[in-house]
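Residue numbers (our numbering): -6 to 229.
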Amino acid sequence: MGKREKIYEGKAKILYSTDDPNLVIQYFKDEATAFDGKKRGVIQEKGRVNNQISAKVFETLESQKISTHYVKTLSETEMLVKRLEMFPLEVVLRNIATGSISKRLGIEEGVTFENPVLEYYLKNDALGDPLLNRSHIQVLGLASEKAVDEMEDLTLRINRVLLPFFLERVVKLVDFKLEFGRLDGEILLGDEVSPDTCRFWDAGSETIQRLDKDRFRKDLGGEQEAYLEMYERVCN
Ligand code: ADP
Ligand code: UDP
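So, in structure tokens, the structure goes:
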């Protein structure tokens, strides 16, 4: 399965074509960005950590009959995935308040929601990934009502699998962002599930100990150590 041409280079990953038009390689970079690319840096070993945590998460979801794009791991920093027609949407699920919801709605950081909160954002850096409701999704023609229902259902199911998965590893799954795509009429989970796209708090601490990209976003330091700690807890 040799690498062919670069199809797309994003902020955190590069996609390469393969001999098979239905399969692509996701290469995970060490480069980190925040605030729609306005802040840039490098987190050493991030690519390796995110690739392998994502692989473990996708395998776990597949074992629970949730379809993902994951095919197999090719190297420390690369996975083979099914090529999807992506929805230009970010689906965010929140179990605990932090980040933009705390800021926007004045909800104190750390408050646990009785039921998870679901949000949609438009994947568009130039517009700053704006928050969308279901009417916006319809008016922009981004996904049918049925597809949104399906993504919502999948996101809630994924949360029910991943909450205990991470808690067994002494990690609170605070919130996360998913991206879905279509393949032959089916909706599959694509992209990645990693400390770049989830908020992870150490469940063994009384105070908030962040094991995710917030260390980079907030200039807290220790980002490499946090990513490696997540790697140890999830992959070893
Ligand atoms: P960004 O585009 O936000 O800078 P990345 O650097 O993570 O993000 O780039 C990866 C890109 O690949 C994203 O645009 C994502 O939607 C897309 N993608 C993820 N999985 C697949 C897939 N299975 N098939 C096609 N595209 C995918
Ligand atoms: N998130 C992401 N990519 C984005 C925006 C958010 O992966 O472009 C994730 C983020 O890591 C967190 C969740 O989505 O797990 C909710 O993010 P929030 O809206 O609070 O982000 P903020 O605006 O505070 O960065």
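Backbone N, C-alpha and C fix where the C-beta goes; we use that ideal spot for every residue, glycine too.
- Query: Excluding the five sequence neighbours on either side, which residues of its own chain have a C-beta within less than 6 Å of the C-beta of Gln45, listed in chain order?
  - Reply: Cys228
- Starting from Ala140, trace the alpha helix (DSSP H) both ways and give me its first and last residue. Here the alpha helix (DSSP H) through Ala140 covers 138 to 160.
- Helix, strand or coil: which one does DSSP assign to Lys22? In the structure shown, Lys22 falls within a coil segment according to DSSP collapsed to helix, strand and coil.
- Arg208: which of Lys22, Gly34, Asp12, Glu(-2) sits nearest, CA to CA? Gly34
- Rounded separation between Arg76 and Lys31 - CA only: 28 Å
- Item | Meets three-Cβ-pair contact criterion under 8 Å: the stretch 193 to 203 and the stretch 159 to 178 | yes
- Please check the pair Thr190 and Lys170, which I expect to be a contact at CB under 8 Å, by giving their CB distance rounded to whole angstroms. 5 Å
- Task: Taking Thr53 as part of the alpha helix (DSSP H), name the residues at either end of that continuous run.
- Result: Thr53 -> alpha helix (DSSP H) spans 39 to 56.
- Message: Suppose contacts are defined by Cβ-Cβ distances below 8 Å. Is Val84 in contact with Val17 by that definition?
- Response: no
- How long is the line joining the alpha carbons of Gln131 and Phe106, rounded to whole angstroms? 27 Å
- Beta-carbon proximity check, Leu82 vs Ile151, cutoff 8 Å: no
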